[in-house]
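Here our numbering is used: the first residue of the sequence shown is 1146, the next is one more, and so on. No residue lacks a Cβ here, since even glycine has one placed at the ideal position from N, Cα and C. Note that the structure is predicted; figures quoted are calculated from it, not measured.
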Amino acid sequence: MKVIETKDIIETVSEMCIRANHYLSDDMKLALNNSVNSEKSELGKKILNQLQENLDIADKEQIPICQDTGMAVFFVELGQEVHIEGGLLSDAINEGVRKGYTEGYLRKSVVGDPIERVNTKDNTPAIIHYDIVAGDGLKITLAPKGFGSENMSRVFMLKPADGIEGVKEAILTAVKDAGPNACPPMVVGVGIGGTFEKSALMAKQALTREFSARPTISWVKDLEDEMLEKINKLGIGPGGLGGTTTALAVNINTFATHIAGLPVAINICCHVNRHITRTL
Ligand code: SF4
């Protein structure tokens, strides 16, 4: 049994919040970099160069890469052999968010009630998804999610007869409807199967996947490639101003589902697809 103190979790989460909002992950940076060479439109190239310049300025001046520093979404893998000491794990994660967003001068974007809409002033509560796994590790992934792109996300409860063509149409519809509002070039997270909520969760988690990690199921890999090609032919382009770089990646997760259904969720993320992982 490994003991992990909540004070260490608070410090780790606080550092993750600041780091994720100041620096894009290496895979996203590389994909953005490569897209400048492949983009066909001159205006598109110019926008992509401006996005790179924005990253450099954020780095030099230690400011966030986007003014919308997002709602803090966590995927936590908790080993069965871990004992958390010093309080509740969820409280520690929320305290880390409070500390990171306050000390890092990150915008506080959370309202405590969806109708009364009073800002909680510390970006809590976080959205935390737990997975109990084997071993004695605690793996925490944070994805601060901006709502320009979150608002463009969709769940389609397709019929089994809609099949893979229905899935393709759902993905393209969501991206077309998102257009410039999702701050492209975007990353498209897709969840196929499960239930209503499972598909949405898979789509969200798909956004945190490293670009180099490809699916092992061959039809899923083919679908990712086909969708990326088709999305980039839509002409939305960087900043929504036209071009061939509408998406940098399409990441798809799948799960078993019911004989009567085919849920498909599309969670869209913008060009600041922030994600960071730490293991304690
Ligand atoms: S969608 Fe992304 S890039 Fe656009 S404002 Fe929100 S966080 Fe920033």
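Outcome for Ile1294 when other beta-carbon atoms lying within 10 angstroms are tallied against a minimum of 16:
Taking the sequence shown and counting its residues from 1, the one referred to as residue 1294 is at position 149. The amino acid occupying residue 1294 in the given sequence is Ser; Ile does not appear at that position. Result: buried.
Report the rounded CA-to-CA distance for Asn1396 versus Arg1354, giving the unit in angstroms.
One-based indexing of the sequence shown puts residue 1396 at position 251. One-based indexing of the sequence shown puts residue 1354 at position 209. Distance between the alpha carbons of Asn1396 and Arg1354 is about 7 angstroms.
Using the DSSP secondary-structure output, state which residues sit across from Arg1354 in a beta bridge.
In the sequence shown, counting from the first residue as 1, residue 1354 sits at position 209. Beta bridge pairing from DSSP links Arg1354 with no other residue.
Can you tell me the Cα-Cα spacing of Asn1166 and Ala1306, whole angstroms?
By one-based count along the sequence shown, residue 1166 stands at place 21. By one-based count along the sequence shown, residue 1306 stands at place 161. C-alpha of Asn1166 to C-alpha of Ala1306: approximately 42 angstroms in a straight line.
Please name the residue, chosen from Ala1327, Arg1359, Asn1199 and Ala1394, that lies closest to Leu1386 on a Cα-to-Cα basis.
Indexing the sequence shown from 1 puts residue 1386 at position 241. The residue with the shortest Cα to Cα distance from Leu1386 is Ala1327.
Return the first residue and the last residue of the alpha helix (DSSP H) that Lys1174 is part of.
The sequence position of residue 1174 within the sequence shown is 29, counting from 1. Taken as a continuous stretch (DSSP letters only), the alpha helix (DSSP H) holding Lys1174 covers Asp1171 to Ser1183.
Which same chain residues, not among the five before or five after Asp1153, have their C-beta less than 7 angstroms away from its C-beta?
Locating residue 1153 in the sequence shown gives position 8, counting from the first residue. Leu1425.
Give the list of continuous alpha helix (DSSP H) stretches no shorter than 4 residues that lie fully inside the stretch 1279–1357.
With a minimum length of 4 residues, the continuous alpha helix (DSSP H) runs that stay inside the stretch 1279–1357 are 1292–1295, 1308–1323 and 1341–1351.
Does DSSP put Ala1410 in a helix, in a strand, or in coil?
By one-based count along the sequence shown, residue 1410 stands at place 265. Reduced to three states, the DSSP call for Ala1410 is strand.
For Gly1282 and Asn1377, what's the separation of their Cα atoms in angstroms?
Along the sequence shown, one-based indexing puts residue 1282 at 137. Along the sequence shown, one-based indexing puts residue 1377 at 232. One C-alpha to the other measures close to 39 angstroms.
Going by Cα to Cα distance, which pick from Ile1155, Met1146, Val1409 and Thr1422 is closest to Gly1311?
What you label residue 1311 is simply residue 166 of the sequence shown in a count that begins at 1. Taking only the C-alpha atoms, the option nearest Gly1311 is Val1409.
Pick out whichever of Lys1253, Gln1195 and Lys1185 has its Cα sitting closest to the Cα of Gln1212.
As a working mapping, residue 1212 is identified with position 67 in the sequence shown. Ranking the options by Cα distance to Gln1212, first place goes to Lys1253.
Near Lys1190, what residues of its chain come up, given a Cβ to Cβ distance below 7 angstroms and the 5 sequence neighbours on each side ignored?
Start at 1 with the first residue of the sequence shown, and residue 1190 comes out as number 45. Val1181 and Glu1184, listed in sequence order.
With distances taken Cα to Cα, identify the nearest neighbour of Thr1151 among Asn1239, Leu1393 and Met1331.
In the sequence shown, residue 1151 corresponds to position 6, counting from 1. Taking only the C-alpha atoms, the option nearest Thr1151 is Asn1239.
Alpha carbon to alpha carbon, what distance is there between Ala1345 and Ile1210?
As a first step, residue 1210 is located in the sequence shown; it is residue number 65 there, counting from the start. As a first step, residue 1345 is located in the sequence shown; it is residue number 200 there, counting from the start. Each residue's Cα considered, the two are about 26 angstroms apart.
Using a threshold of 7 angstroms, is the CB atom of Ala1327 nearer than that to any non-hydrogen atom of the ligand SF4?
Position 182 of the sequence shown, counting from 1, holds the residue named residue 1327. In terms of side-chain proximity, the C-beta atom of Ala1327 is found nearer than 7 angstroms to a non-hydrogen atom of the ligand SF4.
For Leu1233, does the count of other Cβ atoms within 10 angstroms reach 16, so buried, or fall short, so exposed?
The count along the sequence shown starts at 1 and reaches residue 1233 at position 88. Looking at its Cβ environment, which holds fewer than 16 other Cβ atoms inside 10 Å, Leu1233 is exposed.
Between Leu1118 and Gln1195, is the Cβ-Cβ spacing less than 8 angstroms?
For the chain, the structure presents residues 1146 to 1425; residue 1118 sits outside this window and is missing.
For Val1221, tell me which candidate among Ala1271, Val1255, Pro1330 and Thr1389 has the shortest Cα-Cα distance.
As a first step, residue 1221 must be located in the sequence shown, where it is residue number 76. When only C-alpha atoms are compared, the closest one is Ala1271.
Skipping 5 residues on each side, what residues in its chain have a beta carbon closer than 7 angstroms to that of Val1242?
Within the sequence shown, residue 1242 is the residue found at index 97, counting from 1. For Val1242, where only same-chain residues beyond five positions count, the Cβ hits under 7 angstroms are Val1158, Cys1162, Ala1217, Asn1268, Thr1269 and Ala1271.
Among Gly1224, Val1320 and Glu1160, which residue has its Cα nearest to the Cα of Glu1394?
Working through the sequence shown from its first residue, we reach residue 1394 at position 249. Here the sequence assigns Ala to residue 1394, which means Glu is not the residue at that position. Among Gly1224, Val1320 and Glu1160, the Cα nearest to that of Ala1394 is on Val1320.
Would you check if the distance between the CB atom of Lys1244 and the CB atom of Ile1149 is smaller than 8 angstroms?
Translated into positions along the sequence shown, residue 1244 becomes position 99. Translated into positions along the sequence shown, residue 1149 becomes position 4. Taking 8 angstroms as the cut-off, the Cβ atoms of Lys1244 and Ile1149 do not count as close.
Any heavy atom of the ligand SF4 closer than 7 angstroms to the CB of Cys1162?
In the sequence shown, residue 1162 corresponds to position 17, counting from 1. Relative to the non-hydrogen atoms of the ligand SF4, the Cβ of Cys1162 never comes closer than 7 angstroms to any of them.
Every unbroken beta strand (DSSP E) inside the stretch 1191–1236 [3 residues or more]:
Scanning the stretch 1191–1236 from its first residue to its last, the whole beta strand (DSSP E) runs of 3-plus residues come out as 1216–1224 and 1227–1230.
Less than 8 angstroms between the CB atoms is what I'm expecting for Phe1341 and Val1300, so what's the real figure, rounded?
As a working note, residue 1341 is residue 196 in the sequence shown. As a working note, residue 1300 is residue 155 in the sequence shown. For Phe1341 against Val1300, the beta-carbon gap comes to about 6 angstroms, under 8 angstroms, which counts as contact.
Could you pull the start and end residues of the beta strand (DSSP E) that Asn1396 belongs to?
For the purposes of this step, residue 1396 is taken as the residue at position 251 of the sequence shown. Asn1396: member of the beta strand (DSSP E) spanning Ala1392 to Thr1402, first to last residue.
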